[in-house]
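Here is the structure we will look at.
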């Protein structure tokens with residue numbers, strides 16, 4: 010696929026982990042590949058986490074870290090507040106912004122059409138390759154299971170569990186109800202097995218009838234108790250009235266005895282004197298007697314009244330006692346009348362209650378209701394007669410009250426037993442029906458669940474089969490002719506994946522037992538790319554977070570070429586790495602196929618910082634333009650760049666190089682690896698709209714070193730110190746020839762070296778505008 014113009018514009022981090030200060034990374038629209046290089050601790054993972062936060066509402070690499078339950082709080086940079094935290098993404102002229110909620114979970118605002126981001130962390134590779142089959146499934150679960158499918162399976166599983174739990178509960182309730190009914194049956198001394206028939210016979214009696222009979226017993230018992238209580242109050246009041254009357258009469262006789270020989274109507278006279286004393290005391294000015302109207306002195310008159318009262322003090326005291334006792338007597342009479350009415354009314358209610366329902370206990374005691382007809386509403390009997398009949402009625406009922414209480418309790422027990430039996434029978438019927446229904450449901454749900462699991466496993470199997478060929482193709486490009494591959498991913502059971510491969514022509518081996526770390530790393534990456542491709546959409550961003558560290562240069566080169574061939578499947582691909590060789594692989598070009606970002610040394614005060622990585626050709630041109638020119642730097646940069654170019658050509662054409670323990674070769678060794686025949690045949694065609702409009706012979710490019718210098722004899726030092734021994738002109742010739750060599754081979758449009766084999770007859774760059782001949786394969 011050709012290079013896709015990127016829609017990814019920028020991402021901004023504020024107070025996110027290492028981003029103690031605001032940092033913005035702008036992405037170049039001309040390329041869909043960005044390499045972010047930085048040593049450990051410069052902030053690479055913080056940048057990757059930012060994409061996971063804003064696009065997936067997840068907490069990035071912290072998901073797999075053991076840092077407690079509220080992991081999201083560790084996204085916040087030290088000495089920063091949750092309110093300071095912010096991540097902003099600009100993509101295709103839309104913007105999204107993420108913050109942390111109260112529970113430290115990311116929340117994102119912006120349009121609904123967020124780009125899809127697939128991220129591969131190194132620990133995810135290890136988790137998939139080396140983990141148990143069930144953990145392996147978890148590692149790729151987000152790819153192979155759609156949320157709706159997973160929710161449906163979970164719902165069916167929950168329904169299955171709920172149904173089984175309800176079935177067990179209903180069965181237990183059924184057994185408990187049957188046991189309880191048997192216990193009631195046994196308590197009555199029943200021995201046969203037909204406890205259900207016994208229960209049906211028990212509930213044949215209406216509980217309404219029992220309730221009515223219980224109510225009548227309760228009414229008689231309560232009215233008897235109430236009437237007895239009111240009789241006691243009435244009797245006590247009668248005694249009080251009699252006692253006060255007797256005391257009043259005795260005091261009155263004493264008063265009359267003391268009044269013998271005194272003024273006539275002495276009682277009235279005492280009343281008059283008492284009233285006169287009160288009148289005078291209340292009247293401040295008094296000139297005439299209020300009775301005879303004669304002229305008087307107030308003080309003299311008051312003194313004379315008090316003197317006369319004092320002379321009759323005994324009678325005055327008795328007179329006051331009589332007044333007080335008369336009041337008590339009148340009050341007692343009033344109470345007596347009220348208590349008498351209450352007593353007679355309660356007795357009448359009791360009479361009517363017994364008349365309407367005469368308990369068998371009274372009948373057995375020779376009770377005759379006619380004997381108490383004086384309490385009937387139409388009766389003309391006197392109060393005294395009614396009181397006498399009431400006393401007799403209470404006595405008669407009291408004789409049977411204990412039996413009536415026992416009968417009431419028996420009726421209540423019968424009613425409760427009928428209610429209990431009824432409830433147990435209803436429970437038995439209900440739970441039996443429910444259990445039958447749930448048992449049928451259990452079979453249906455189990456059948457549905459088995460079908461769903463089978464279909465899901467078949468889906469996963471087909472899915473894994475579908476990507477196996479793609480994985481194997483990518484893997485073979487990285488590891489050709491190494492007797493490894495033939496990857497097989499097989500779902501063993503629910504949420505479990507078995508991984509098998511080939512080793513030394515033996516299939517179905519466990520690769521984690523035989524493959525090297527580098528082989529396992531690249532296998533995991535190929536799996537991730539295949540899954541991301543399968544589930545991609547037009548806005549998928551692919552991110553690798555420092556996933557390759559164990560590959561040697563040859564495998565790294567193959568891996569990068571394989572990866573470049575997959576870039577067209579994704580809207581944008583981001584690679585973070587601390588592997589300098591990886592960065593250098595992208596430094597020799599001068600085209601537009603890759604954006605390189607280099608992270609600078611991190612400090613707390615400065616936070617994450619970055620700069621654009623300079624290409625080798627840019628650096629070389631930069632140092633060539635300096636005055637005075639630093640010969641040592643220009644010679645060194647030219648030599649390294651030239652070694653990279655020759656290294657790629659030697660690898661493509663399988664040139665012979667000395668056998669070494671360390672496969673690092675000098676420039677002289679590279680120059681001597683190309684024989685004269687190959688040099689003559691090497692050429693580059695520049696193609697425009699399918700037609701060749703320029704042809705460059707590369708033989709002259711191998712004369713990169715100035716002929717009149719001894720640079721050829723000094724190549725073993727890799728141009729690290731030769732700048733001190735040769736002229737500036739020699740060094741400038743070397744640099745310009747190196748740039749010419751690079752310009753001849755590297756495409757100015759796509760920035761690629763022509764290594765692709767699509768035609769089968771020549772090598773070509775990514776945009777097919779440069780072709781390299783001859784074809785070696």
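In our numbering, the protein residues as written are 10 to 786. Virtual Cβ for every residue (Gly too), placed ideally from N, Cα, C.
With residue i and residue j assumed to form a contact (beta carbons below 8 Å), what rounded beta-carbon distance in angstroms separates them?
i: residue 483; j: residue 538; result: 6 Å
i: residue 557; j: residue 751; result: About 25 Å separates the two Cβ atoms, so there is no contact after all.
i: residue 434; j: residue 473; result: 57 Å between Cβ atoms; not a contact.
i: residue 480; j: residue 496; result: 5 Å
i: residue 659; j: residue 644; result: Incorrect: roughly 22 Å between the Cβ atoms, too far for contact.
Give me, in chain order, the residues of the same chain whose beta-carbon lies closer than 6 Å to that of residue i; leave out the 5 immediate sequence neighbours on both sides.
i: residue 106; result: 97, 118
i: residue 32; result: 22, 617
i: residue 453; result: none
i: residue 360; result: 381, 384
i: residue 399; result: 356
i: residue 774; result: 756, 759, 761, 763
Are residue i and residue j touching if we call contact CB-CB under 8 Å?
i: residue 208; j: residue 430; result: yes
i: residue 58; j: residue 75; result: no
i: residue 378; j: residue 363; result: yes
i: residue 447; j: residue 175; result: yes
i: residue 761; j: residue 657; result: no
i: residue 585; j: residue 45; result: yes
i: residue 458; j: residue 169; result: yes
i: residue 428; j: residue 216; result: yes
i: residue 693; j: residue 781; result: yes
Any idea what DSSP makes of residue i, helix, strand or coil?
i: residue 669; result: coil
i: residue 494; result: strand
i: residue 194; result: helix
i: residue 611; result: coil
i: residue 28; result: strand
i: residue 60; result: helix
i: residue 107; result: strand
i: residue 139; result: helix
i: residue 604; result: strand
i: residue 450; result: helix
i: residue 5; result: What is shown of the chain runs 10 to 786, which leaves residue 5 out entirely.
i: residue 646; result: helix
i: residue 181; result: helix
i: residue 780; result: strand
i: residue 433; result: helix
i: residue 578; result: helix
i: residue 223; result: helix
i: residue 484; result: helix
i: residue 165; result: helix
i: residue 700; result: strand
i: residue 296; result: coil
i: residue 18; result: strand
i: residue 766; result: coil
i: residue 585; result: strand
State the start and end residues of the unbroken alpha helix (DSSP H) segment that holds residue i.
i: residue 528; result: 526-543
i: residue 564; result: 562-575
i: residue 556; result: First-last for residue 556: undefined, no H or E at that position.
i: residue 631; result: 625-633
i: residue 369; result: 369-372
i: residue 521; result: 520-523
i: residue 687; result: 685-690
i: residue 712; result: It is not in any alpha helix (DSSP H) - residue 712 carries neither H nor E in the DSSP assignment.
i: residue 746; result: 737-754
Who are the Cβ neighbours of residue i in its own chain at under 7 Å, not counting the five residues just before and after it?
i: residue 710; result: 749, 750, 753
i: residue 513; result: 492
i: residue 725; result: A caution first: residue 725 carries a pLDDT of 38, below 50, which makes its placement in the model too unreliable to give a value.
i: residue 715; result: 739, 742, 743
i: residue 123; result: 64, 105
i: residue 254; result: 338
i: residue 647; result: 629, 728, 743, 744, 747
Sorted by chain position, which residues of the same chain lie with C-beta nearer than 8 Å to residue i's C-beta, five sequence neighbours on each side aside?
i: residue 328; result: 264, 276, 279, 280
i: residue 650; result: 597, 625, 626, 629, 747, 751
What is the residue span of the beta strand (DSSP E) that residue i lies within?
i: residue 512; result: 505-512
i: residue 117; result: 115-118
i: residue 99; result: 95-100
i: residue 204; result: First-last for residue 204: 204-211, but that is the alpha helix (DSSP H), not the beta strand (DSSP E).
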